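One structure is given below, encoded as structure tokens.
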Amino acid sequence: MEGIAIFDERFIYKFKGTSVNDKYSTVVIGGGLAGLISAYLLAKKGHDILLIEMKNYPFHRVCGEYLSNEVLDFLTRENLMPDGYDLPILTHFLFSDTAGKSVTTPLDMGWFGISGFVLDEHLYHKVVEIGGNVRTVVQVESVVFDVRDNQFMLE
């Protein structure tokens with residue numbers, strides 16, 4: 002289950018196996034690239050957010066090692082790019098098959114390479130630095146609206 006929910010401070014997060022009953026105005030379920038950036042931007046705007054990720058940062062992903070140059074200005078402007086890395090720039094895409102045939106095509110916007118492991122950990126720390134709440138190694142199994150208490154509950 003992944004997504005972002007903003008429900009005007011009607012979220013209550015019940016941490017499984019404990020008596021924690023924390024209230025948040027915004028809950029982001031899933032701490033991948035989109036979830037981390039969303040949580041950061043919402044916390045930056047003053048939302049009391051909770052980001053929930055089922056794994057512990059940092060961790061390796063199958064994809065996410067290359068990003069389009071169209072996001073580079075945004076990440077730089079928001080101070081979300083890790084410092085000190087000489088990022089590889091990609092201008093062409095090469096596709097090859099098992100028989101050895103290949104096709105090359107230009108990447109109009111261009112791409113840059115960055116470790117998803119490094120970027121996720123950096124973004125995670127940025128969310129925490131700006132005041133976001135993060136719970137890792139937690140999987141959301143359900144989102145339920147409690148009519149009686151007029152609030153959403155995550156379990």
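Just so we're aligned: the sequence shown equals residues 2 to 156 in the numbering used here.
Here a beta-carbon is modelled for each residue, glycine too, at the ideal position from N, C-alpha and C.
Please read all numbers here as calculations on a predicted model, not as lab measurements.
Element boundaries [beta strand (DSSP E), containing residue i]
{"i": "isoleucine 90", "result": "90 to 97"}
{"i": "aspartate 147", "result": "144 to 147"}
{"i": "glutamate 54", "result": "50 to 54"}
{"i": "serine 103", "result": "103 to 114"}
Supposed close pair residue i, residue j - CB separation, criterion 8 Å
{"i": "glycine 111", "j": "leucine 91", "result": "7 Å"}
{"i": "tyrosine 58", "j": "glutamate 122", "result": "5 Å"}
Simplified DSSP assignment, three categories, for residue i
{"i": "arginine 136", "result": "strand"}
{"i": "isoleucine 5", "result": "With a pLDDT of 48 at isoleucine 5, under the threshold of 50, the modelled position of this residue cannot be trusted; read the value that follows with caution. Note: isoleucine 5 maps to strand in three-state DSSP."}
{"i": "leucine 34", "result": "helix"}
{"i": "phenylalanine 153", "result": "strand"}
{"i": "leucine 73", "result": "helix"}
{"i": "tyrosine 41", "result": "helix"}
Near the ligand HEM: residue i beta-carbon under 7 Å from a heavy atom
{"i": "tyrosine 41", "result": "Absence of the ligand HEM from the depicted structure is noted, as is the absence of any ligand whatsoever, leaving it without description."}
Cα-Cα separation between residue i and residue j, rounded to whole angstroms
{"i": "isoleucine 115", "j": "arginine 62", "result": "12 Å"}
{"i": "glycine 32", "j": "glycine 47", "result": "19 Å"}
{"i": "serine 1", "j": "valine 72", "result": "This structure leaves residue 1 out entirely; the chain is present only between 2 and 156."}
{"i": "threonine 27", "j": "threonine 99", "result": "47 Å"}
{"i": "proline 83", "j": "serine 143", "result": "34 Å"}
{"i": "tyrosine 67", "j": "threonine 77", "result": "16 Å"}
{"i": "tyrosine 125", "j": "glutamate 156", "result": "22 Å"}
Endpoints, alpha helix (DSSP H) assigned at residue i
{"i": "tyrosine 125", "result": "117 to 130"}
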